[in-house]
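K.L.:
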Amino acid sequence: MALLRYFKPIHNLPDPRQSLSTLIPFDVIREMNRTVEEENDCGQNSKKHCSPYQKFSVSERSQIGKYAIQHGATSASKYFSRKLKKPVTRSTAMV
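Note that the sequence shown covers residues 1 to 95 in the UniProt record's numbering.
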């Protein structure tokens with residue numbers, strides 16, 4: 001992230017030994033802090049991956065298009081997703 005060049009991240013997790021410990025037990029605060037840190041670390045290391053593109057033959061695309069003209073793009077998407085056993089998006093059915 002570009003902003004991290006200029007600003008350092010601030011980790012403001014509650015300290016289990018301060019005033020919050022009178023309301024919530026020490027172990028619970030520590031466990032919650034550990035869980036938050038794990039989630040933050042996981043989010044920084046993971047990359048978003050796009051799903052692979054579905055390739056349809058010319059005949060499949062024409063069948064999808066004809067069905068979409070008669071029944072609508074959403075119906076065509078659902079019908080051909082079941083029939084072909086691979087995801088067919090609405091945008092594929094509209095083209």
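No residue lacks a Cβ here, since even glycine has one placed at the ideal position from N, Cα and C.
Everything numeric in this text was worked out from a predicted model, so none of it was measured.
Considering threonine 74, what are the terminal residues of the alpha helix (DSSP H) in which it resides?
P.N.:
Counting along the chain, the alpha helix (DSSP H) containing threonine 74 begins and ends at 73-84.
K.L.:
Is it true that the CB of isoleucine 64 sits closer than 8 Å to the CB of phenylalanine 80?
P.N.:
yes
K.L.:
Go to serine 51, then tell me how far its alpha helix (DSSP H) extends in each direction, as first and last residue.
P.N.:
No alpha helix (DSSP H) contains serine 51, which DSSP labels as neither H nor E.
K.L.:
By the DSSP assignment, the alpha helix (DSSP H) with threonine 92 in it spans what residues?
P.N.:
Boundaries of the alpha helix (DSSP H) harbouring threonine 92: 90-94, taken from the DSSP string.
K.L.:
Please say whether arginine 61 and threonine 74 have beta carbons closer to each other than 8 Å?
P.N.:
no
K.L.:
Once DSSP output is grouped into helix, strand and coil, what is the label at glutamine 70?
P.N.:
Helix, per DSSP.
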